[in-house]
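In mature numbering (1 follows the signal peptide of the UniProt record, and there is no 0), the protein residues as written are -17 to -1, 1 to 256.
We put the CB at the ideal spot given by N, CA and C, even for glycine.
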């Protein structure tokens, strides 16, 4: 509970230096909070989720990130230890939370190193359910930070129309799907996004249902921000999973992904078999 209160304190719009006593022999409040975060992330306790919440909101503060952000991100990466499952879970949880709330220009410079670390440590193939789930969640958020914030305008709009509105000349409708959406310009998809999608597609075939579902949600979120041509390739990759008829897991993962793609409007009618 105290860690959560510190997390709330970290969200106040006042500089933490105001709480310093000015005594040269006393650590600044910000440094003391950082020490508390590191101690709890490295420990085995029930307060690990609260530590992740606190670390993300503290380290992304405007008056803190210039002081400690880069060093803290490096510290998190250095403490991902495959021989210490709990510590690895804590570090991944903190990184995932940071990528969720931090500004893109703050985290993108660390994204490539973290993605390489996840692959090097083989965390996507860990025997631990939580390690795999958090690695996949972090991977998904790494991909999102390289894509546009706005959703693609080419997405399919689901509407309920009256019959009279459908009876137009030559059966043609001139309605634009998202008239208020900014046109999603064509852009070169970064290679790291392709790596992320590859890991998410592999996650659809995981033995754990929650991991398949997490991978499906990640594919849906990322596809809704991709150019239309690239998103079509993702849909084709998902459909190819149904060719593995002897694997119920692959078919189920493909169904979850199609459900997410359809829900987000990235599964277009002309892509259906």
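Query, Result
"According to DSSP, is residue 138 helix, strand or coil?", "coil"
"Would you call the segment 169 to 176 and the segment 121 to 138 touching, i.e. three or more CB-CB distances under 8 Å?", "yes"
"Quick one: residues in its chain with C-beta nearer than 6 Å to the C-beta of residue 160, no 5 flanking neighbours on either side, listed in chain order?", "Confidence at residue 160 is low in this model, with a pLDDT of 49, below 50, so the placement of that residue is unreliable and no value is reported for it."
"Any idea what DSSP makes of residue 252, helix, strand or coil?", "helix"
"When you compare only the Cα positions, how much space is there between residue 228 and residue 198?", "20 Å"
"Taking the alpha-carbon positions, what's the residue 207 to residue 9 distance?", "50 Å"
"Does the segment 42 to 60 come into contact with the segment 10 to 28, if we say contact requires no fewer than three beta-carbon pairs (one atom in each stretch) closer than 8 Å?", "yes"
"Between which residues of its own chain and residue 39 is the CB-CB distance below 8 Å, once the five residues before and five after are set aside?", "77, 80, 81, 83, 84 and 85"
"Should residue 138 go down as buried or exposed, given a rule of 16 or more other Cβ atoms within 10 Å for buried?", "buried"
"Grab me the residues of residue 241's own chain with a C-beta within less than 7 Å of its C-beta, minus the 5 sequence neighbours each way, in chain order.", "221 and 250"
"Between which two residues does the alpha helix (DSSP H) containing residue 89 stretch?", "87 to 103"
"Shortest alpha-carbon distance to residue 121 belongs to which of 218, 134 and 93?", "93"
"Roughly how many angstroms separate the alpha carbons of residue 153 and residue 252, rounded to a whole number?", "A caution first: residue 153 carries a pLDDT of 48, below 50, which makes its placement in the model unreliable, though a value can still be read off. If I take the Cα positions, the gap works out to 20 Å."
"If we ignore side chains and look at the alpha-carbon of each, how far apart do residue 200 and residue 14 end up?", "37 Å"
"At 4 residues or longer, what runs of the alpha helix (DSSP H) sit wholly inside the segment 38 to 68?", "53 to 61"
"Quick check on residue 190: does DSSP put it in helix, strand or coil?", "coil"
"Between which two residues does the alpha helix (DSSP H) holding residue 219 run?", "211 to 222"
"Tell whether a beta-carbon distance below 7 Å holds between residue 65 and residue 116.", "no"
"So the alpha helix (DSSP H) residue 260 belongs to, where does it begin and stop?", "No answer is possible for residue 260: the residues shown for the chain start at -17 and end at 256."
"Out of 2, 113, 177 and 41, which one is the CA nearest neighbour of residue 67?", "113"
"Whose C-beta lies closer than 8 Å to the C-beta of residue 230 among residues of the same chain, with five residues either side of it excluded?", "188"
"Exposed or buried, which one is residue -16 when buried takes at least 16 other CB atoms within 10 Å?", "exposed"
"Is residue 228 helix, strand or coil by DSSP?", "coil"
"The alpha helix (DSSP H) that contains residue 13, what's its start and end?", "12 to 24"
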